[in-house]
Amino acid sequence: MASSSDSWMKEYNEATKLADDINGMISERSTLPASGPDAQRYVSAIRRKNTILGTRLDSLQSLLSKLPGKQPISEKELNRRKDMIGTLRSKVLQMASTLTSHTANRDSLLGPEINKADPMGRTVGLDNYGLVGLQRQVMKEQDEGLEKLEETVVSTKHIALAVNEELDLHARLIDDLDQHVEVTDSRLRRVQKNLAVLNKRTKGGCSCMCMLLSVVGIVVLSTPTRIWLAIFRTSGVAFGARELYEVIKQKNCQTIKQKMSNVPKEAIEVVAQSIGISNLSPEVALALTPDVEYRVREIMQEAIKCMRHSRRTVLTTDDVDSALKLRNVEPIFGFASGDPLRFKRAAGHKDLFYIDDNDVEFKDVIEAPLPRAPLGVSVAAHWLAIEGVQPAIPENAPIEALAAYSDVKKSEYKEDGIPVDIKLPVKHVLSRELQLYFEKVTELTRRSSSSLFKEALVSLATDSGLHALVPYFTCFVADEVTRNLNSFPLLFALMRLVRSLLQNPHIHIEPYLQQLMPSVITCLVAKRLGNRYTDNHWELRNFTANLVSSICKRFGHVYHNLQPRLTRTLLHAFLDPTKTLPQHYGAIQGLAALGPSVVRLLILPNLDSYMQLLEPEMILEKQKNEIKRHEAWRVYGALLKAAGQCMHDRLKMFHSLLSPPAHAIWKSKGRVATTMTNKRKASTDNLMQQPPLKN
25 MASSSDSWMK
35 EYNEATKLAD
45 DINGMISERS
55 TLPASGPDAQ
65 RYVSAIRRKN
75 TILGTRLDSL
85 QSLLSKLPGK
95 QPISEKELNR
105 RKDMIGTLRS
115 KVLQMASTLT
125 SHTANRDSLL
135 GPEINKADPM
145 GRTVGLDNYG
155 LVGLQRQVMK
165 EQDEGLEKLE
175 ETVVSTKHIA
185 LAVNEELDLH
195 ARLIDDLDQH
205 VEVTDSRLRR
215 VQKNLAVLNK
225 RTKGGCSCMC
235 MLLSVVGIVV
245 LSTPTRIWLA
255 IFRTSGVAFG
265 ARELYEVIKQ
275 KNCQTIKQKM
285 SNVPKEAIEV
295 VAQSIGISNL
305 SPEVALALTP
315 DVEYRVREIM
325 QEAIKCMRHS
335 RRTVLTTDDV
345 DSALKLRNVE
355 PIFGFASGDP
365 LRFKRAAGHK
375 DLFYIDDNDV
385 EFKDVIEAPL
395 PRAPLGVSVA
405 AHWLAIEGVQ
415 PAIPENAPIE
425 ALAAYSDVKK
435 SEYKEDGIPV
445 DIKLPVKHVL
455 SRELQLYFEK
465 VTELTRRSSS
475 SLFKEALVSL
485 ATDSGLHALV
495 PYFTCFVADE
505 VTRNLNSFPL
515 LFALMRLVRS
525 LLQNPHIHIE
535 PYLQQLMPSV
545 ITCLVAKRLG
555 NRYTDNHWEL
565 RNFTANLVSS
575 ICKRFGHVYH
585 NLQPRLTRTL
595 LHAFLDPTKT
605 LPQHYGAIQG
615 LAALGPSVVR
625 LLILPNLDSY
635 MQLLEPEMIL
645 EKQKNEIKRH
655 EAWRVYGALL
665 KAAGQCMHDR
675 LKMFHSLLSP
685 PAHAIWKSKG
695 RVATTMTNKR
705 KASTDNLMQQ
715 PPLKN
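Structure (structure tokens):
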């Protein structure tokens, strides 16, 4: 009978999975073009799956109506399944409306608000295990809802960014259109003014010529200069038309120059004023702008060439000076200064600044001594040493310098004669391949779900030549464990990485144990590992305990205080009543992994007093919290396992304690007698007291 209910739930789970697939396809529909054969096929596939889902819901409804006759089911369970079908059907209708509508609203995107059932009604008739299971299910549903909401928010963000970019593009296009309209309007005004001048000169005697010139003026706005020059030459027009052509050509050339130059004429006027030219006309400044821009571009191109020949990516002032020399331009006089330039605001001007230069007296400059002339470029050779003896020549260090150096070395000693240990920083040079290897392994560790992570662990455990990366891996493990105690997958991946490093026979890892052990002990006796109840931190603690055991077995003979310090730390965590039960569990597993002797000496003597604290946490009447009771039973299981291993180790010393001994059996005067087989030689008295054996 239970198979009918199981089949119904199986059908319902398949229908739920199909609904999730349809919802995902509807969400991904925005990535496809709005029209086209691909979009039509995609929508057809969604509709086909939606129809299949509706058929399955009808089948589930009919099976649910027949289920009470085949299997005894409570009314509460029947109502719950009806609610499940109703919820799924409303979801199907919502997806169908979203698929058919052209403009999505909030209900189509997020779904209508559903009045949830009374939460107390779902807990009626459930025991503690059922309540825990229900709570896990509710937490899982909430996590799924949050993930879907996050996906919706991210997609909305991307859409908003795209809309923002489109709005910026439209604004720039509108600004360009406004600028072009203003330019065209100014050109039309100039043409109208020139036509009025021409009309006065011809005194109204050539109406046809005026019409022709008006047409030519309009064509000027979009026709190159050489075309309308040919028109005027072939038209046979007299002095007035040619004069108009010269005026229009001059204005047009000015407009073209102004448009082609990125240097404003105001900048030319400011530079002219700075060198004493105060009466520069705007026309001259406008005519100079293209030439100034050309010269600046020419110098900058030469400077960029110098920069590239120097194998650099940053342009410096030396490159500009070199470019000026190549073009035979007068160099820039001045001096280089490492101090930043100090700008001051000009009085009465809000947006005008000037450089605050210090005044220098000419008298001081004239009376100052001349600088030392620089040495010329030359090449010289000299002997550093001849047969191990350094010759006393000017090129080599003199004896006085060596004596001064020895005095400096003596000053490095304290007053009491103890030398001062001065350690200079050492630069650790890594090859590019090792840097890429380290970055890739750390990246795979942070996302350990990748299949490449296992290959990276195998590489860490077997490859030679990775010793230079050991300090970087130890620092990486220490930093990540400290910062990510709430990330259970990352902690497990870090411990696996440590195990691979320990397994590599080519790595000398002993000097870095003092950096690794705090991280390993943290993953063993930390108060909380992971931020979810579903995280299996028990498995992580077991894995870390085995890792601690392997470290002690391998390096215990090198560092004699390694295991005593570990046992002291674990025993303190085990006997501290303020610690949580998961911490006690990690301490017990760590002590048990160190061997039966540690269990016999440290755990068993304290077992009685610890059980007095643990037993109340295991009883339902005294501990109502299901999670803590589960943790207590976990600790109890760890204690049983540790004590059992200790007993098994002790029983190995007495092979015949739990097995019957081998006896020799015979009958003597109606009684059954036995003799013990002894490996030691029997005495003569015992042999004489024994009766003879009967055949």
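To convert, take the position in the sequence shown, counting from 1, and add 24; that gives this note's numbering.
C-beta atoms are modelled at their ideal positions from N, C-alpha and C, and glycine is treated no differently.
Would you mind sorting K289 into buried or exposed? The rule is 16 or more other CB atoms within 10 Å of its CB. buried
Straight-line Cα distance separating L173 from Q613: 41 angstroms
Run the CB neighbour count on V371, radius 10 Å, all protein chains shown included, and call it buried at 16 or more, exposed below. As written in the sequence, residue 371 is Ala, which differs from the Val given in the question. By the 10 Å Cβ count, A371 comes out exposed.
Could you check whether the region 627-643 touches the region 570-580, counting it as contact only if at least three pairs of C-beta atoms, one from each stretch, sit closer than 8 angstroms? no
Which ranges would you report for the alpha helix (DSSP H) in the region 31-113 if only whole runs of at least 4 residues count? 61-94
Pair within 9 angstroms by beta-carbon distance, L84 and Y36: yes
Roughly how many angstroms lie between the CA atoms of A722 and M671, to the nearest whole one? The chain is shown only over 25 to 719; residue 722 falls outside these bounds and no answer can be derived.
Three-way DSSP call (helix, strand, coil) for R471 in this model: coil
CA nearest to the CA of L350, picked from M49, E534 and I328: I328
Which residue comes first and which comes last in the alpha helix (DSSP H) that contains F500? V494 to R507
At a cut-off of 8 angstroms, is L42 close to the ligand FAD when judged by its beta-carbon and the heavy atoms of the ligand? The model depicted lacks the ligand FAD and carries no ligand whatsoever.
Separation of E645 from V572, as counted between CA atoms: 37 angstroms
Output yes or no for whether 9 angstroms exceeds the beta carbon distance between L15 and L515. This structure cannot settle anything about residue 15, because the visible part of the chain is limited to 25 through 719.
DSSP three-state assignment for I379, whether helix, strand or coil: strand
Taking just the CA atoms, how far does D559 sit from P542? 22 angstroms
Buried or exposed, going by whether 16 or more other CB atoms sit within 10 Å of the CB of I299? exposed
Straight-line Cα distance separating I531 from G489: 8 angstroms
Check I627 in the structure and name its three-state DSSP category. helix
Measuring alpha carbon to alpha carbon, tell me which of V338, A291, I292 and V287 ends up nearest E317. V287
Where DSSP assigns a beta bridge to R396, which residues make up the other side? Its beta-bridge partners do not exist; DSSP assigns none.
Rounded to the nearest angstrom, what separates N218 and K374 at their Cα positions? 41 angstroms
Out of curiosity, what's the CA-to-CA distance linking A517 and G610? 18 angstroms
DSSP beta-bridge partners for I410? V413
In the DSSP assignment, the alpha helix (DSSP H) including L368 goes from what residue to what residue? The displayed chain sequence assigns Lys, not Leu, to residue 368. Note, K368: premise wrong, no alpha helix (DSSP H); beta strand (DSSP E) at F367 to R369.
Where V622 falls: helix, strand or coil (DSSP): helix
Please list, in chain order, all residues of the same chain as V582 whose beta carbon is under 8 angstroms from its beta carbon, the five residues on each side excluded. E534
If you follow the alpha helix (DSSP H) that N566 is part of, which residue opens it and which one closes it? H561 to F579
Q309 and A296: beta carbons closer than 9 angstroms? In the sequence as presented, Gln is not what sits at residue 309; that position holds Ala. A contact, by the Cβ cut-off of 9 angstroms.
Determine whether the beta carbon atoms of L605 and V659 lie at a separation below 9 angstroms. yes
With H, G and I counted as helix, E and B as strand and the rest as coil, what does DSSP make of Q647? coil
Whether N570 touches A617 by CB criterion (9 angstroms): yes
Which stretch, first to last residue, makes up the alpha helix (DSSP H) that contains A550? Element bounds for A550: n/a, residue is neither H nor E.
If I measure Cβ to Cβ from I70 and keep anything under 7 angstroms in the same chain, skipping five residues before and after, which residues do I get? I46, M49, I50 and L123
Can the beta-carbon of T591 be found closer than 9 angstroms to that of L521? no
Flag this pair as yes or no: are the beta carbons of E293 and P306 separated by less than 9 angstroms? yes
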